[in-house]
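Novice: Residue numbers (my numbering): 2 to 243.
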């Protein structure tokens with residue numbers, strides 16, 4: 002260790018051996034010592050440089066950690082959003098399946114208009130939820146798919162209006178119960194049941210949006226801890242109505 006002189010370390014001991022060495026070896030020893038480095042150490046400059054270096058290293062580590070935290074939060078938010086869209090797509094698909102069911106399980110089976118109204122209202126509610134989530138999505142593909150679904154339903158605006166179902170300025174479906182209850186049940190059945198019905202075409206769009214949400218999560222490696230992302234299947238629609 003050097004001797005502390007006026008608050009600084011004295012490293013002159015490094016040269017003490019020069020005074021005792023033979024003339025033949027002193028030049029070699031002197032050449033082996035970098036006087037510039039010695040002066041830097043003695044003046045404290047070297048110590049300051051070391052502090053600055055490690056301070057920068059520490060700052061870089063903190064910056065990297067901060068960026069990683071931001072990225073993780075963003076991915077968690079995107080994962081939650083995509084999962085919600087897939088859930089909403091599932092809900093709309095299930096609603097259309099209910100409207101398309103035939104036989105004893107059909108909502109149209111007993112000509113019970115109240116039962117039909119309940120199913121159509123559920124369809125409107127789940128449709129509204131999906132398009133709201135889809136349009137607000139950060140995925141261009143999901144937004145495009147949602148816009149396609151909106152265009153599809155808008156194509157049926159005349160038929161919907163005839164049974165008291167209107168489309169507001171936000172593309173949301175609004176069902177007027179009094180008007181709907183007076184509608185011809187056969188007209189409602191024709192609109193919502195069958196392979197070329199609004200229910201069928203809507204279900205296809207819902208499946209597509211749900212699968213897009215699944216694909217987006219897969220590309221971004223955004224899986225939930227329980228692996229709950231499941232691609233929608235068009236087969237589920239047909240299984241429920243056969």
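Just so it is clear, CB atoms sit at the ideal spot from N, CA and C, and this is done for glycine as well. The model shown is predicted, which means the values in this text are computed figures rather than measured ones.
(1) Count the C-beta pairs between the segment 96-113 and the segment 136-143 that are closer than 8 angstroms, then say yes if the count reaches three, no if not.
(2) Measuring CB to CB, does residue 109 end up less than 8 angstroms from residue 117?
(3) Could you tell me how far apart the beta carbons of residue 131 and residue 89 are, in whole angstroms, since I believe they sit closer than 8 angstroms?
(4) Alpha carbon to alpha carbon, how far is residue 81 from residue 71? Give it in angstroms, no decimals.
(5) The alpha helix (DSSP H) with residue 121 in it runs from where to where?
(6) Between the alpha carbons of residue 199 and residue 219, how many angstroms are there, rounded?
(7) Thinking C-alpha only, which one of 206, 179, 189 is nearest residue 148?
(8) Shortest alpha-carbon distance to residue 124 belongs to which of 209, 202, 215, 213?
(9) Between the beta-carbon of residue 210 and the beta-carbon of residue 153, is there less than 8 angstroms?
(10) Please report the residue range of the alpha helix (DSSP H) in which residue 175 lies.
(11) Roughly how many angstroms lie between the CA atoms of residue 177 and residue 166, to the nearest whole one?
(12) According to the neighbour-count rule (16 or more other Cβ atoms, all chains shown, within 10 Å of its Cβ), is residue 113 buried or exposed?
(13) Please look up how many angstroms separate the CB atoms of residue 127 and residue 93, rounded, as I've assumed it's under 8 angstroms.
(14) Name, in chain order, the residues that DSSP records as bridge partners for residue 168.
(15) Do residue 86 and residue 138 have their C-beta atoms within less than 8 angstroms of each other?
(16) I'd like the list of long-range same chain contacts for residue 136, defined as Cβ closer than 7 angstroms, with 5 residues on each side in sequence excluded.
(17) If you reduce the DSSP assignment to three classes, tell me which class residue 145 lands in.
(18) Is the separation between the beta-carbon of residue 214 and that of residue 50 shorter than 8 angstroms?
(19) Quick one: Cα of residue 184 to Cα of residue 133, how far?
(20) Could you pull out every residue in the same chain whose Cβ sits closer than 6 angstroms to the Cβ of residue 222, ignoring the five residues on either side in sequence?
Specialist: Taking the coordinates as given:
(1) Judged by Cβ distances under 8 angstroms, the segment 96-113 makes no contact with the segment 136-143, as fewer than three pairs qualify.
(2) yes
(3) 4 angstroms
(4) With a pLDDT of only 49 at residue 71, under 50, the local geometry of the prediction cannot be trusted, and the value read off the model is given with reservation. Looking at the two C-alpha atoms, the distance is approximately 15 angstroms.
(5) 114-136
(6) 30 angstroms
(7) 206
(8) 202
(9) no
(10) That residue, residue 175, is in no alpha helix (DSSP H); its beta strand (DSSP E) goes 174-176.
(11) 6 angstroms
(12) With fewer than 16 other Cβ atoms from the protein chains shown falling within 10 Å of its own Cβ, residue 113 counts as exposed.
(13) 4 angstroms
(14) 174
(15) yes
(16) 144, 147
(17) Reduced to three states, the DSSP call for residue 145 is helix.
(18) Not closer than 8 angstroms, so no.
(19) 28 angstroms
(20) Below a pLDDT of 50, predicted positions are generally treated as unreliable, and residue 222, at 49, falls in that range; no measurement from the model is reported.
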